[in-house]
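Structure first, then comments.
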Amino acid sequence: QVQLVESGGGLVQAGGSLRLSCAASVSIFRFNVMGWYRQAPGKQRELVARISSSVSTTYAESVKGRFTISRDNTKNTVYLQLNSLKPEDTAVYYCNAVPWVPGEDSWGPGTQVTVSL
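When the letters of the sequence shown are read in order and numbered with our numbering, they come out as residues -1 to 115.
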């Protein structure tokens, strides 16, 4: 069973930075795509960024130029660097992994990011 564990969340002032990590219990080569989603109170979960096995990246318009997704295959870890944070970035951030073999995605339990004014 695949386990994803996020870390790195916290409370930061607007304009600050955080780096989120998502550690997988298996080789991340098993996944076609890995990504970060977020869910703010009262809102639907939304895609923030994703990275493919070929290191192709996609970002939500709201985070382009501020967030950077990357992966370290040797550590089975995906990162999300969050810069120039805004209060509207406040949410629970979830790691997601889509397997090559069609089946169910894997999700982490989430890590809270809170941005204060």
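Even glycine gets a Cβ: it sits at the ideal position worked out from N, Cα and C.
Find out if the Cβ-Cβ distance for the pair A58, V46 is shorter than 8 Å.
Less than 8 Å divides the Cβ of A58 from the Cβ of V46.
C-beta atoms of A7 and V111 nearer than 8 Å
The residue you asked about is not Ala; residue 7 is Gly in the sequence shown. In this structure, V111 lies closer than 8 Å to G7 by Cβ.
Proximity winner among V24, S60, Y92 and G13, relative to Y77 (alpha-carbon distances)
Y92
Does the pairing of the stretch 64 to 71 with the stretch -1 to 13 give three or more beta-carbon distances under 8 Å?
no
List the residues that DSSP assigns as beta-bridge partners of T75.
When beta bridges are read from the DSSP output, T75 appears opposite A21 and D70.
Which one of A95, T88, V31 and G33 has the shortest CA to CA distance from K41?
For the residues A95, T88, V31 and G33, the minimum Cα distance to K41 belongs to T88.
To the nearest angstrom, report how far apart C20 and L80 are at their CA atoms.
14 Å
Buried versus exposed, by CB contacts within 10 Å (16 or more), A22
buried
Return the first residue and the last residue of the beta strand (DSSP E) that T109 is part of.
T109 to S114
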